[in-house]
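Here the structure comes first, spelled out in structure tokens, and everything after it is commentary.
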Ligand SMILES: [Fe+2]
């Protein structure tokens, strides 16, 4: 969708006439040049001073600037500098009545595209302006085409990122790169207009606080008005009292007609001002970013709802088993330490939480008389108890969201030596989720009280697990467990 919008803007750009700004302090010369340029497809704007030229350069996207070298008290060289500041892509053509080689070299060195020696004829003027305007059009189309490719890649990346923090970082990093910014911030707002969450990237930590404050104020203003804002260096100076900001652009993030917040970009090193053309591009980027932020939020709400369901199921398991209260939570707390020691990422740890909370869900199918028996189980009773991993797996396998918990539920009673249940898998054939949970589940069982026996101490449980490394348990997981326990012994969880 965003690619179509850029293509539409590319086609619109082809239809829009290029703007040619003519600067001369003599009104009669302006009139002659205006007349000479009639018949071409350009919009011609006239300025009789540097101040008049400045106003146009700040407000409109200019393709070609045609300026006299002498402008009363001002100089054509100042027009070059101001054009480079506000319209870095525009082509500058200097008109001079005193042609010397040095003069020519000097203006070209200063960044002028070409120069015309007065008096010049209409054909020479038209040809020079046309050459400059064609060059600008070609460069703009190239930039837009690059943007299409770039935005296509960005859209793909943003669409596949659902983690909220990673998505916001991707948006900020992309904005800094694509819009040549030194600071970028996303301010997400609540319904009452107050900033709810913000995230930023800043290339210079020394001015981070100044830029953040400026950006927050801008976010509240733009969110309230619902319109984008470009702020130049002078305006930024008035607002902050410091000459730190060269240019700033703030775009509201809209999704389904609502303002989610703003995307702010600030230049502190790059002297070029943001242009209205860049604002158009930023608005397309922000539209895509807003949709993805909204999707990510919806996904997050859905995930929270699912986790609430998991917590409710976990409570249901514990409510039935009066002797193991808090077992699932303790297992989860210890297991996460091991998983981090094994270098697991956030997504896998999230699945682990689900698995740890639900691993005994199949006990729901075990009769109370067996589950809460105040003594050791008979072989027949134990056979029923041993079915809980398969019962649990069959309960969750049809619920796609709970599927990551399956290997924890099904394999947490398998043994590394192949003598476990329900399948009797051996060694690495047991999925890592099962090998990991087996260690923690056993540790918690040894240390917990039962009605017919008192729980053993942590030291004894550790020794028992160490003694069974390589037989009952995976040695690698035991090593990670021991490292994790050592760290947690200072923690009140145990
Ligand atoms: Fe179990």
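Residue numbers (my numbering): 310 to 803.
By construction, the Cβ of each residue, glycine as well, lies at the ideal position given by its N, Cα and C atoms.
In this structure the region 763-782 does not lie against the region 707-723, because fewer than three pairs of beta carbons, one per stretch, are closer than 8 Å.
Distances from the CB of residue 672 to the heavy atoms of ligand 1 include at least one below 8 Å. The DSSP-derived three-state label of residue 391 is helix. Ranked by Cα distance from residue 698, the options 515, 453, 729 are led by 729. Contact check for residue 351 against residue 438 passes: the beta carbons are separated by less than 9 Å. Here the alpha carbon of residue 542 sits roughly 14 Å from the alpha carbon of residue 490. Residue side-chain check: residue 688 keeps its Cβ at 8 Å or more from all non-hydrogen atoms of ligand 1. Here residue 495 is near residue 572, since their CB atoms are less than 9 Å apart. Between residue 388 and residue 374 a beta carbon distance of about 6 Å is seen, short of the 8 Å cut, so the two are scored as contacting. Remark: the C-beta of residue 722 is in contact range of ligand 1, defined as less than 8 Å to any heavy atom. Beta-bridge analysis with DSSP links residue 429 to no other residue. Using a cutoff of 8 Å, the CB of residue 669 counts as near ligand 1, since one of the ligand's heavy atoms is closer than that.
Scanning its chain for C-beta atoms nearer than 6 Å, with the 5 sequence neighbours on each side dropped, one finds around residue 401 the residues 374, 389, 392, 421, 422, in chain order.
Looking from the CA of residue 658, the closest CA among 723, 714, 611, 382 belongs to 714. Beta-bridge pairing by DSSP links residue 467 to no other residue. Assignment of alpha helix (DSSP H) within the region 702-784, counting only whole runs of 4 or more residues, yields 715-720, 741-756, 767-776 in chain order.
Distance from the CA of residue 776 to the CA of residue 612, rounded to the nearest whole angstrom, comes to 40 Å. With a cutoff of 8 Å, residue 697 counts as near ligand 1, since its C-beta is closer than that to a heavy atom of the ligand.
In this structure the region 524-539 lies against the region 557-568, because at least three pairs of beta carbons, one per stretch, are closer than 8 Å. In this structure, residue 380 lies away from residue 445, with their beta-carbon atoms at least 9 Å apart. With a cutoff of 8 Å, residue 750 counts as near ligand 1, since its C-beta is closer than that to a heavy atom of the ligand. Boundaries of the alpha helix (DSSP H) harbouring residue 680: 677-680, taken from the DSSP string. Per DSSP, the continuous beta strand (DSSP E) segment holding residue 352 begins and ends at 352-356. Distance from residue 739 to residue 670 at the Cβ level is roughly 19 Å; contact not present, criterion being Cβ atoms closer than 8 Å. According to the DSSP secondary-structure assignment, residue 557 is paired through a beta bridge with 540, 575. Between residue 794 and residue 646, the CB-CB gap stays under 9 Å.
In the structure shown, the three-state DSSP call for residue 374 is strand. Just so you know, the alpha carbons of residue 531 and residue 377 end up roughly 40 Å apart.
A distance below 9 Å separates the beta carbons of residue 744 and residue 786.
As DSSP reads the structure, residue 595 sits in no beta bridge. Burial of residue 509 is indicated by the presence of at least 16 other C-beta atoms within 10 angstroms of its C-beta. By the Cβ test, the region 576-591 is not in contact with the region 614-624, since fewer than three Cβ pairs between them sit closer than 8 Å. Approximately 13 Å separates the beta-carbon atoms of residue 471 and residue 615; this is outside 8 Å, ruling out the contact. Residue range 492-498 is occupied by the beta strand (DSSP E) that includes residue 495. Secondary structure of residue 651 (DSSP, three-state): coil. Here residue 577 is not near residue 538, since their CB atoms are 9 Å or more apart.
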